[in-house]
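Visitor: Counted from 1, the sequence shown has number 71 at position 71 by the UniProt record's numbering; the numbering is strictly sequential.
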Amino acid sequence: MLAILVSLALLIVLTFRKINIVVVGIAAAAVMALLSGQPVVTAVTDTYMTGAAQFVRDNFLLFFFSVLFGKVMEETGAAASIAKFLAELLGEKFAILGVIFSGAVLVYGGVTTLVVVFSLYPIALSLFKKANLPRYLLPGAIAGGCFTFACANFPGTPNLVNVIPTTYLGTNTMAAPLVGVITGIAVMLMVCVYFLWEASRARARGDCFVEDEATTQSLVKAASMVRLPSPIIAILPIVLILILLNVFKQHVVVAMLGGILLCVVLFFRNVHGVLDMFSYSAENSAIAIINTAVVVGFGSVVQASQGFQKLLDFATSLGNIPPLLAFGLMTTILAGACGSGSGGLGIALSAMADKYISLGLAPEILHRVGSAASVGLDSLPHNGAVITLLTICGQSHKESYKYIFFPTVVFTLAGMFLSIALGTVLYPIS
C-alpha cells in the first residue's frame, strides 16, 4: 500500500514540475517495483514495457485515425464551419452556450480536442467580444463542451474514453445507453446553467471584454472565415462516422476512415498538403499514445504488486461500499494521478475489469461508469489539455482555472455518481 501511495505521489509531483511524462512513467514504475519488492529490472523491462506495448498495440490505429480525421476537418474548414454556425446560432445573449455546444458537437463526432480548441478559439473570441463577456470565462466555456458530457457521458461517440473500454470489456460504444443519455443530459444542464450564471455575475460586476495584441490577431483570423464550407455539408463526415459505428456496428477505425474519405471527397478543393497532414497525424498520434502508454505501463507494475491485490481485495470485500462505486472512485483517482483520462481508464480496466465482472457487474455498466469516471479528476491543474487550453486562450491558471474546474471536475464527478446510482438500479449484480 505504501509503495502505491509513494509512487503515485512521485508521478503527480514530477508531472506538476513538467518533467517529461516518459521519464516520469519509468521513474515511478522503478520506485514502485523497488518499494514493493519486485525485481526492478524485470519490472521495468518486462512488466512495464509489456503493459505499455499492449496499450499501443490495441489503440494506435484509433489514435492515428482520430488525429487524421481532426486534421482533415481542420484543413478543409469543415470544423471551423460547424463551430462558427453553432456558436453564432444562439446569438449574443446566449453566446457562451453557443461556444459550449459547438465544442461538444465536434468532440462527440470524433474531432480531437486540440483541433476543436484551435478551430473554436478565434470564433468564440469574436462571439465574446460581441457579447462583451470577459475573456477569463472563455477557457471554461470551451472545456465545458469539450471535456465533459460529449466525450464521456453520451453513448455512441468515437472519443477515446468511450472506445478504450470496448477493448477490455467486449462492449460497444453504445453500452448502457439509457444511463449514458440521462447522465449526459444532467451534466450538460449543469454546465449550461453554471456558465449562464457566471456570465450574469460577470456583467453585474462590470467585467467586460478586454482586447490585447494577441486577441486582435485572433479576431482578424475569425473575421477572415468567410469562405467556409456549408455547415450542413461539413457535418456529414461526422454523421457518417456515427452511423457506421453505431448503426452498422463497424470497427471504430473503419468508421473514422469512412469519415476521412467522405471529408476529402466533399471538400477536395480545400485539400492541400496531403503528405503534411499524414506526417502531422503520425507525429502527434505517436506522441499522444506514447504519453498515455507510459502511464498505463506504470499501472501494470502497480497491478503486479501484492499491495495492489490486497487493496483490490479490500475494496471489493467492503459490504457497505457497492462494487460499482468502488470501481468508479478508483478509476477517477487513477485518472487524476495520471493527469490523463484515457491513461487512468486504461490502468483501471486492465487491473480491475476482470475482478469486478467476476463479482457479477455487467460489462456494459462498467464501460459507462468507467468512461464517466475517467473525466472526473483528470482535469486537475497538471492535465496537459488544461495547460494547452489556457495557453491558446492566453489565460493563466489564476485567472481561469476556477471556471474549468467546476464543469470538468465538480460536474463530471456528479455525473459519475449519477451513473453509478442509475447503474446500481438498472444493472443489478447478477
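No residue lacks a Cβ here, since even glycine has one placed at the ideal position from N, Cα and C. All values derive from a computational prediction rather than experimental measurement.
1) Can you find the residues in the same chain that come closer than 8 Å, C-beta to C-beta, to Ile260, ignoring five residues on each side of it along the sequence?
2) So what's Ser396 in DSSP terms, helix, strand or just coil?
3) Of the choices Cys192, Leu90, Asn162 and Ile26, whose alpha-carbon is the least far from that of Leu137?
4) Would you kindly check if the distance between the Cβ of Ser36 and the Cβ of Ser305 is under 8 Å?
5) Who are the near neighbours of Met49 in its chain, counting only those whose CB is closer than 7 Å to its CB and skipping five residues on each side?
6) Indicate whether residue 431 and Ser374 have their beta-carbon atoms separated by less than 8 Å.
7) Quick check on the burial criterion: 16 or more other C-beta atoms within 10 angstroms. Buried or exposed for His272?
8) Which class does Ile19 belong to by DSSP, given the choice of helix, strand or coil?
9) Within 10 angstroms of the Cβ of residue 441, are there 16 or more other Cβ atoms? Answer buried if so, exposed if not.
10) What residue range does the alpha helix (DSSP H) around Arg269 cover?
11) From Val302 to Ile4, what distance separates their C-alpha atoms?
12) Alpha carbon to alpha carbon, how far is Leu334 from Tyr121? Give it in angstroms, no decimals.
13) Among Leu114, Ile232, Ser419 and Asp207, which one has its Cα closest to the Cα of Arg135?
14) Looking at the secondary structure, which residues open and close the alpha helix (DSSP H) in which Asp276 lies?
15) Any idea what DSSP makes of Gln250, helix, strand or coil?
16) Are the region 195 to 213 and the region 50 to 60 touching by the rule of at least three beta carbon pairs closer than 8 Å?
17) Output yes or no for whether 8 Å exceeds the beta carbon distance between Phe278 and Ala78.
18) Quick one, are the C-beta atoms of Leu240 and Val254 less than 8 Å apart?
19) Under the three-state reduction of DSSP, which class applies to Asp212: helix, strand or coil?
20) When we look at the beta-carbon of Thr15 and count the other beta-carbons within 10 Å, is it buried (16 or more) or exposed?
21) If you compare alpha carbons, which of Ser7, Asn270, Pro155 and Glu399 is closest to Ser81?
22) Can you find the residues in the same chain that come closer than 7 Å, C-beta to C-beta, to Pro363, ignoring five residues on each side of it along the sequence?
23) Would you kindly work out how many angstroms separate the C-alpha atoms of Ser396 and Thr76, rounded to a whole number?
24) For Thr166 and Ile429, what's the separation of their Cα atoms in angstroms?
25) Using the three-state DSSP reduction, which class does residue 473 fall into: helix, strand or coil?
26) Using beta carbons (cut-off 8 Å, strictly below), is Gly140 in contact with chain D?
27) Would you kindly check if the distance between the Cβ of Val23 and the Cβ of Gly423 is under 8 Å?
28) Can you find the residues in the same chain that come closer than 7 Å, C-beta to C-beta, to Glu198, ignoring five residues on each side of it along the sequence?
29) Hey, quick one: how far does the alpha helix (DSSP H) through Ala52 stretch, first residue to last?
30) What are the start and end residues of the alpha helix (DSSP H) that includes Ile96?
31) Could you check what DSSP says for Pro407 in three-state terms: helix, strand or coil?
32) Buried or exposed: where does Met32 fall if 16 or more other Cβ atoms within 10 Å of its Cβ makes it buried?
33) Considering only residues of the same chain and omitting the five flanking positions on each side of Thr332, which have a CB-CB separation below 8 Å?
Guide: With the structure as the only source:
1) Once the five neighbours on either side are set aside, the close Cβ partners of Ile260 are Phe65, Leu68, Phe69, Val72 and Pro237.
2) If DSSP states are grouped into helix, strand and coil, Ser396 belongs with coil.
3) Closest option to Leu137, Cα to Cα, is Cys192.
4) The Cβ atoms of Ser305 and Ser36 lie closer than 8 Å to each other.
5) If you ignore the 5 residues before and after Met49, its C-beta comes within less than 7 Å of the C-beta of Gly297, all in its own chain and listed in chain order.
6) Because the chain is modelled from 1 through 430, residue 431 falls outside the range shown and cannot be assessed.
7) Counting Cβ neighbours within 10 Å, His272 comes out exposed, since fewer than 16 surround it.
8) Under the three-state reduction of DSSP, Ile19 is assigned to coil, being neither helix nor strand.
9) Because residue 441 is not part of the residues shown, which for the chain are 1 to 430, the question remains open.
10) Run containing Arg269: none; DSSP gives neither H nor E here.
11) When rounded, the distance between both Cα atoms is 7 Å.
12) Cα atoms of Tyr121 and Leu334: separation of roughly 30 Å, rounded to the nearest angstrom.
13) Answer by Cα proximity: Asp207.
14) Val274 to Ala304 is the span of the alpha helix (DSSP H), which, as asked, contains Asp276.
15) In the structure shown, Gln250 sits in coil (DSSP, three-state: anything other than H, G, I, E or B).
16) As far as the Cβ criterion goes, the region 195 to 213 does not touch the region 50 to 60, which means the pair count is below three.
17) No, these two residues do not count as a Cβ contact at 8 Å.
18) Taking 8 Å as the cut-off, the beta carbon of Leu240 is found no closer than this to the beta carbon of Val254.
19) Asp212 falls in the coil class under three-state DSSP.
20) Note on Thr15: 16 or more other CB atoms within 10 angstroms of its CB, so buried under the neighbour-count rule.
21) Nearest option by C-alpha distance: Asn270.
22) Leu169, Gly170, Thr171 and Ile357.
23) Each residue's alpha carbon lies about 31 Å from the other.
24) In a straight line, the C-alpha of Thr166 is about 20 Å away from that of Ile429.
25) Examination of residue 473 is not possible in this model, given that the chain is present from 1 through 430 alone.
26) Absent from the structure is chain D; it holds one protein chain and no more.
27) No.
28) So the qualifying residues of the chain are Leu137 and Tyr403.
29) Taken as a continuous stretch (DSSP letters only), the alpha helix (DSSP H) holding Ala52 covers Met49 to Glu75.
30) Run containing Ile96: Ala95 to Tyr108, per the alpha helix (DSSP H) assignment.
31) Helix.
32) Around the beta carbon of Met32, 16 or more other beta carbons lie within 10 angstroms, which makes this residue buried.
33) Correct list, in chain order: Gly344, Ala373, Ser374, Gly376, Leu377, Asp378, Leu413 and Met416.
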